[in-house]
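Below is one structure, written out as structure tokens; the observations come after it.
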Amino acid sequence: MKKIIFVFALMLAVLNANAQNGFNYREWAFGFEGGVTRPYADLTKKTFGYCASASVYYNYSPYLPVGLELQIGRLSGGGIPRDIDIHTRQFENSYKALTVHADLQMGEVINYADSWLMDRLKGFYIGGGAGFIFNKM
-18 MKKIIFVFAL
-8 MLAVLNANAQ
2 NGFNYREWAF
12 GFEGGVTRPY
22 ADLTKKTFGY
32 CASASVYYNY
42 SPYLPVGLEL
52 QIGRLSGGGI
62 PRDIDIHTRQ
72 FENSYKALTV
82 HADLQMGEVI
92 NYADSWLMDR
102 LKGFYIGGGA
112 GFIFNKM
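Note that this note's numbering has the sequence shown beginning at -18, numbered continuously upward.
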């Protein structure tokens, strides 16, 4: 499995991509993600769960994106029989999270047109956000 991951990572490393091509950007961006969760707990049995999220980004300018993301998922582990957990501990957590995030990149506040250095620094950014998580244990 490690060899497969290494080969896949090596193939990705040799690809040349240009994600920021001047001012060619879209005003709105949408994303959907999914995956597998595994709790990091002190229980011997850890059950794989699921996670999914949807996000929407509004690009006010090429250097000022604002995003909203909704996540859902499930974590669980442990068990009632003593052969699974000596103390018969178990848990199941279904969660939902809502976050909002914004980045302010230097390209929004500096003039980088005639400076080699400023052109290299235009991608540096400061970001912030807030979120809520709702658990059902």
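All residues carry an ideal CB built from backbone N, CA and C; glycine is no exception.
Owing to the predicted nature of the structure, the values given are computational and were not obtained by experimental measurement.
Membership of residue 78 in the beta strand (DSSP E) is indicated by the continuous run 71 to 86. In this structure, the beta-carbon distance from residue 13 to residue 35 falls below 7 Å. The alpha-carbon of residue 113 is positioned some 22 Å away from that of residue 10. Annotated three-state conformation of residue 90 is coil, per DSSP. DSSP places residue 114 in the strand class (E or B) of the three-state scheme. Between the segment 60 to 73 and the segment 93 to 106 there are fewer than three C-beta pairs closer than 8 Å, too few to call the two in contact.
Selection 53, 45 and 67 evaluated against residue 79 yields 53 as nearest (Cα-Cα). Here residue 106 is bridged, per DSSP, to 86. Apart from the 5 residues on each side of it in sequence, residue 29 sits with its Cβ closer than 6 Å to the Cβ of 17 and 19 in its chain, given in chain order. Judged by DSSP secondary structure, residue 22 falls outside any alpha helix (DSSP H); it is assigned neither H nor E. Cα atoms of residue 41 and residue 8: separation of roughly 7 Å, rounded to the nearest angstrom.
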